[in-house]
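Step one of this worksheet: look at the structure below.
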Amino acid sequence: MPIHFTPDRWERVRQSFAGWWDGSITRPVIKMSVRCCDPGRPAPSVPFPGQDNCHDFSIPAEAVIDAVDYELSQYEFLGDAFPQMNFAYFGPGVLAAFCGARLDNSSGRVWFFPPDDRPIDQIHIHYDPENKWVRRIKDIYRAGNERWGGQVLLGMPDLGGIMDVVASFRESEQLLLDLYDAPEEVLRLCKEAHAAWMEAYRDLRAAVDGVNPGYGDWSGIYSKTPSYILQCDFCYMLGNPMFREFVLPDLVQGCRELDHTVYHLDGIGELNHLDDILAIPELNAVQWVYGDGQPTAPHWLDVYKKIAAADKSLYIYCDRPDFEVLYREIPDGRFYIDMGAETVEEARAVLRSFGVPE
186 MPIHFTPDRW ERVRQSFAGW WDGSITRPVI KMSVRCCDPG RPAPSVPFPG QDNCHDFSIP
246 AEAVIDAVDY ELSQYEFLGD AFPQMNFAYF GPGVLAAFCG ARLDNSSGRV WFFPPDDRPI
306 DQIHIHYDPE NKWVRRIKDI YRAGNERWGG QVLLGMPDLG GIMDVVASFR ESEQLLLDLY
366 DAPEEVLRLC KEAHAAWMEA YRDLRAAVDG VNPGYGDWSG IYSKTPSYIL QCDFCYMLGN
426 PMFREFVLPD LVQGCRELDH TVYHLDGIGE LNHLDDILAI PELNAVQWVY GDGQPTAPHW
486 LDVYKKIAAA DKSLYIYCDR PDFEVLYREI PDGRFYIDMG AETVEEARAV LRSFGVPE
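Following the numbering used here, the numbering of the sequence shown begins with 186 at its first residue and continues without gaps.
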């Protein structure tokens, strides 16, 4: 059976997310996908792609796409949901591997390490379009374009934050020391990593332009024009002065070079930088992730309200009851959330309660 999604549904998705990006939408953007369809064929022998098997070059790209097709054909896409192939299984911060860092997924999760041990002044970060991981992703893109012809959004891999990529070449503890011992070299590496980031984005974008129905990344957010969810996990360990010197300039530049951007505010250590982040005029939205062991979403109402008051859209990551609290307490918030449901009937009832077309 084919994937249950038509061209007219793509047009509705474009309109919904356009309103979320520019602030004109008057309802939440809600994705609800329900696994309820018979794929009409046996399961393929190739497993669904994940961080544990992204390295397996013995699996043809066409077989990877077939495994994803089998998975997507089991879903009904409701509300603002759409079929997407998420390339996050190549690991968070895979730009480092594109630039020569060592990718290791022997533990079942992807991690990145320096390719060798050398002084900071001898390290350079440059994007290699012929890198084996880049070629693998492009090969899967090609197979996806041929199989789906634009019915499924082929997302960008998780390129990572600029300083996070730099940390993959120095490791975090050493990079913290470098901020004091060799700040000029750190700034140089950040500049190189930013240039590599944009070059990688443009190169991978070219591999899907003309066929892809839009742009997406690991967040699952759709954009008709180039977009990305930006981040810097490393800044959790930085004070405001160092954040402003080493992180903020690249964030500002990224927001200016892309049409639509979200900032992934990950953990309470990053709240210290929220004012600087919200002051970026070109930034469209913020995702607040409070982290494991922290109180749930309603506890952070002041954070969500602050983001909304700065005229930024909100990417919400929480369960449905908590979202209902946020929706009630922030009536002017522009929300995006991906929800689950057991049945189509349940999903439609939830969508109706928020004024979202089914």
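Glycine included, each C-beta is placed from N, C-alpha and C at the ideal position.
Would you call the CB atoms of residue i and residue j closer than 9 Å?
| i | j | result |
| --- | --- | --- |
| V474 | Y512 | no |
| G276 | L338 | no |
| H445 | S404 | no |
| Y312 | A252 | no |
| V471 | I492 | yes |
| N457 | N425 | yes |
| M217 | M524 | yes |
| S243 | I188 | no |
| M383 | G439 | yes |
Given that a residue counts as buried once 16 or more other Cβ atoms are within 10 Å of its Cβ, and exposed if not, what is residue i?
| i | result |
| --- | --- |
| G544 | Limits of the chain in this structure are 186 at one end and 543 at the other, which puts residue 544 out of reach. |
| Y521 | buried |
| Y365 | exposed |
| R287 | exposed |
| E377 | buried |
| K292 | Checking the sequence, you will find Ser at residue 292 rather than Lys. Result: exposed. |
| P234 | buried |
| P585 | What the structure shows of the chain is the stretch from 186 to 543, and residue 585 is not part of that stretch, so it cannot be assessed. |
| G340 | buried |
| E455 | buried |
| R226 | exposed |
| L486 | exposed |
| K497 | buried |
Considering only C-alpha positions, which residue in the set the options is nearest to residue i?
| i | options | result |
| --- | --- | --- |
| D241 | D289, G278, E261 and Q472 | D289 |
| W333 | D507, T191 and V198 | T191 |
| Y489 | L499, T481 and P480 | L499 |
| P483 | I462, E514 and Y386 | E514 |
| Y407 | L463, G204 and H189 | G204 |
| V231 | R199, G399, R194 and E247 | E247 |
| R199 | C417, E356 and K409 | K409 |
| Q336 | D254, E358, Q259 and G278 | D254 |
| V510 | T481, I188 and E527 | T481 |
| S557 | D517, V350, E256 and G285 | Residue 557 lies beyond the residue range present for the chain, which begins at 186 and ends at 543; the question has no answer from this structure. |
| H379 | E543, D349 and A464 | D349 |
| V529 | R194, C222 and R197 | C222 |
Could you tell me how far apart the beta carbons of residue i and residue j are, in whole angstroms, since I believe they sit closer than 8 Å?
| i | j | result |
| --- | --- | --- |
| S201 | V214 | 5 Å |
| F428 | D461 | 7 Å |
| F283 | V249 | Wrong, their Cβ atoms sit about 19 Å apart, outside the cutoff. |
| L374 | I308 | 6 Å |
**Report entry** Inside the region 409-460 only - beta strand (DSSP E) runs reaching at least 3 residues
**Finding:** 412-415 and 445-451
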